[in-house]
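Engineer:
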Amino acid sequence: MRFPLDLDYEEWRKLCTEEWNEPSFRADQICGWLYAKRIFNFDEMTNLSMALRKKAEETFSSALPEAVRQVVSKRDGTAKFLWALQDAEQIESVLLTQEGRTTACISTQVGCPLGCVFCATGQSGFVRNLTCGEIVGQFLAMEKMQGGPIDNLVFMGMGEPFLNLDAFLKAVRILKHPKMRNFGSRRMTVSTAGIVPGILALAEANLGIRLAVSLHAPDDELRKKLMPVTQKYPMDQLLSAIRFYQEKTNDRVSIEYLLIGGVNDSPNHAKALAERLKGLKSFVNLIPWNSTGILYRKPAPVRIEQFRQVLLSKGIETEVRRERGEDIDAACGQLRRKEEGRNRPVSGTAQE
Ligand code: SF4
Numbered sequence: 009m010r011f012p013l014d015l016d017y018e019e020w021r022k023l024c025t026e027e028w029n030e031p032s033f034r035a036d037q038i039c040g041w042l043y044a045k046r047i048f049n050f051d052e053m054t055n056l057s058m059a060l061r062k063k064a065e066e067t068f069s070s071a072l073p074e075a076v077r078q079v080v081s082k083r084d085g086t087a088k089f090l091w092a093l094q095d096a097e098q099i100e101s102v103l104l105t106q107e108g109r110t111t112a113c114i115s116t117q118v119g120c121p122l123g124c125v126f127c128a129t130g131q132s133g134f135v136r137n138l139t140c141g142e143i144v145g146q147f148l149a150m151e152k153m154q155g156g157p158i159d160n161l162v163f164m165g166m167g168e169p170f171l172n173l174d175a176f177l178k179a180v181r182i183l184k185h186p187k188m189r190n191f192g193s194r195r196m197t198v199s200t201a202g203i204v205p206g207i208l209a210l211a212e213a214n215l216g217i218r219l220a221v222s223l224h225a226p227d228d229e230l231r232k233k234l235m236p237v238t239q240k241y242p243m244d245q246l247l248s249a250i251r252f253y254q255e256k257t258n259d260r261v262s263i264e265y266l267l268i269g270g271v272n273d274s275p276n277h278a279k280a281l282a283e284r285l286k287g288l289k290s291f292v293n294l295i296p297w298n299s300t301g302i303l304y305r306k307p308a309p310v311r312i313e314q315f316r317q318v319l320l321s322k323g324i325e326t327e328v329r330r331e332r333g334e335d336i337d338a339a340c341g342q343l344r345r346k347e348e349g350r351n352r353p354v355s356g357t358a359q360e
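This is the structure we're talking about:
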């Protein structure tokens, strides 16, 4: 069986005309149902003939991942979803609401091979890449569940998007295609742990989406301890790739920096980071570590402010990002890990 969200527009046209002997406008109709009306059951696509609906049903399996669990933060309304895929693997997505605007954060892999030491997903290991349809499906399933369009999308959930490059790029093309979801490319951001070939490929692909890079340290020695990917792509190489991306796109790049108490949060770290970012059009998101685990501690408020002030004094735009969904383990990988711990599926919606 095929999966309807794996097909791009050209593939739909080809299927309709060459395999099904239908006029090409059938592709527009089907894409309209899937992406604009969020109808995923071919039987409900009332402008298709009964014969075509039957053919489509015989060709495709269901379109969306199944919601295994949904938790909603009482504090800020952040919703976290755990989805079951057709092979029973589980992935997570998050839906944030801020000042009336919604942002979906979706996964690109089951697990992640990069093993960042602070990340629940990284500690669980890698299982497999998601298909393009499984990536797109998380977004459409959340739109269907909330009953309307989502405003922004970040590829920042479980996994490293640039290690699943083809499926990720195809998902972006499908979402932005005017006959499909027609989602503005400026409202999409991809976040990478620093996969240099992926940054270069994104620059060449000219898709118009935004780039965020997780640095979390100003030098290789410290970064290697936090993010083992640094061994393969040291910071000099990474920053060259970011500069190349910026030359090509003229886009400002977001730099994500997790502030961990006593590890990477000193004014000297801030100065070194500013030095690294010299000449780059960047915006630094400072994310104070906020877990209660024993491994790391939260940075002191005074350290956060000092760090921020050093960056500002060097002319680098920055803000401290308020942690959202703290009460529901919104950081990626935590819900899946918990669910694995429970070792049993839980259906329906849980308000926690
Ligand atoms: S932080 Fe991102 S890149 Fe690092 S292990 Fe977790 S999912 Fe992978």
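In short: position in the sequence shown from 1, add 8, done, that's our numbering.
Using N, Cα and C, we set each Cβ at its ideal position, and we do this for glycine too.
What does a CB cutoff of less than 7 Å around Q245 pick up in its chain, not counting 5 residues either side in sequence?
Structural biologist: In the sequence shown, residue 245 corresponds to position 237, counting from 1. Only V204 meet the Cβ criterion.
Engineer: Quick check on R316: does DSSP put it in helix, strand or coil?
Structural biologist: Along the sequence shown, one-based indexing puts residue 316 at 308. R316: helix per DSSP, three-state reduction.
Engineer: Are the CB atoms of V125 and L223 nearer to each other than 7 Å?
Structural biologist: Residue mapping note: residue 125 aligns to position 117 of the sequence shown, counting from 1. Residue mapping note: residue 223 aligns to position 215 of the sequence shown, counting from 1. No, Cβ-Cβ distance for V125 and L223 is not below 7 Å.
Engineer: Looking at ligand 1, does it come within less than 6 Å of A96, judged from the CB to the closest heavy atom?
Structural biologist: The count along the sequence shown starts at 1 and reaches residue 96 at position 88. For ligand 1, not one heavy atom lies less than 6 Å from the Cβ of A96.
Engineer: What is the rounded straight-line gap between the Cα of V144 and the Cα of A112?
Structural biologist: The residue labelled residue 144 in the question sits at position 136 within the sequence shown. The residue labelled residue 112 in the question sits at position 104 within the sequence shown. Cα to Cα, V144 sits roughly 11 Å from A112.
Engineer: Does ligand 1 have even one heavy atom less than 6 Å from the beta-carbon of C113?
Structural biologist: By one-based count along the sequence shown, residue 113 stands at place 105. No; taking the cut-off as 6 Å, the Cβ of C113 has no heavy atom of ligand 1 nearer than that.
Engineer: Can you name the start and end residues of the alpha helix (DSSP H) that N258 belongs to?
Structural biologist: For the purposes of this step, residue 258 is identified with residue 250 of the sequence shown, where counting begins at 1. Note, N258: premise wrong, no alpha helix (DSSP H); not H, not E.
Engineer: To the nearest angstrom, report how far apart G141 and D14 are at their CA atoms.
Structural biologist: Mapped onto the sequence shown, residue 141 falls at position 133. Mapped onto the sequence shown, residue 14 falls at position 6. Those two C-alpha atoms are separated by around 4 Å.
Engineer: Just to check my reading of the structure: N293 and E327 have Cβ atoms closer than 8 Å, yes? What is that Cβ distance to the nearest angstrom?
Structural biologist: Numbered from its first residue, the sequence shown carries residue 293 at position 285. Numbered from its first residue, the sequence shown carries residue 327 at position 319. Indeed they touch by this definition, with Cβ atoms about 7 Å apart.
Engineer: I'd like to check one pair, R77 with L90: are the Cβ atoms closer than 7 Å?
Structural biologist: Here the question's residue 90 lines up with position 82 in the sequence shown. Here the question's residue 77 lines up with position 69 in the sequence shown. Taking 7 Å as the Cβ cut-off, L90 and R77 qualify as a contacting pair.
Engineer: Taking all protein chains shown into account, do 16 or more other C-beta atoms lie within 10 angstroms of the C-beta of S115, making it buried, or fewer, making it exposed?
Structural biologist: Stepping through the sequence shown from its first residue, residue 115 is reached at position 107. Per the 10 Å Cβ criterion, buried.
Engineer: Since M58 contacts I38 with CB under 8 Å, what's their CB separation in whole angstroms?
Structural biologist: For the purposes of this step, residue 58 is taken as the residue at position 50 of the sequence shown. For the purposes of this step, residue 38 is taken as the residue at position 30 of the sequence shown. Incorrect: roughly 15 Å between the Cβ atoms, too far for contact.
Engineer: Only counting the same chain, and skipping five residues up and downstream in sequence, which positions put a Cβ closer than 6 Å to that of D84?
Structural biologist: For the purposes of this step, residue 84 is taken as residue 76 along the sequence shown, with counting starting at 1. The residues are R332.
Engineer: For the alpha helix (DSSP H) that M150 lies in, which residues bound it at each end?
Structural biologist: Locating residue 150 in the sequence shown gives position 142, where the first residue counts as 1. Per DSSP, M150 belongs to the alpha helix (DSSP H) from 140-154.
Engineer: Just to check, is the beta-carbon of M246 closer than 6 Å to a non-hydrogen atom of ligand 1?
Structural biologist: On the sequence shown, residue 246 is found 238 positions in, with the first residue counted as 1. According to the sequence displayed, residue 246 carries Leu and not Met. Flag unset: Cβ of L246 not near ligand 1.
Engineer: Could you tell me whether the Cβ atoms of P236 and G269 are closer together than 7 Å?
Structural biologist: Start at 1 with the first residue of the sequence shown, and residue 236 comes out as number 228. Start at 1 with the first residue of the sequence shown, and residue 269 comes out as number 261. For P236 and G269, no; Cβs fall outside 7 Å.
Engineer: Beta-carbon separation of A278 and L303 under 7 Å?
Structural biologist: For the purposes of this step, residue 278 is taken as the residue at position 270 of the sequence shown. For the purposes of this step, residue 303 is taken as the residue at position 295 of the sequence shown. No, the pair does not count as a contact, with Cβ atoms beyond the cut-off.
Engineer: Just verifying my parser: in three-state terms, what is the DSSP assignment at T116?
Structural biologist: In the sequence shown, the residue the question calls residue 116 occupies position 108. Coil, per DSSP.
Engineer: For L23, which residues of its own chain have a beta-carbon under 6 Å away from its beta-carbon, when the five flanking residues on both sides are left out?
Structural biologist: Translated into positions along the sequence shown, residue 23 becomes position 15. Leaving aside the five residues that flank L23 on each side, none in its chain has a CB nearer than 6 Å to its CB.
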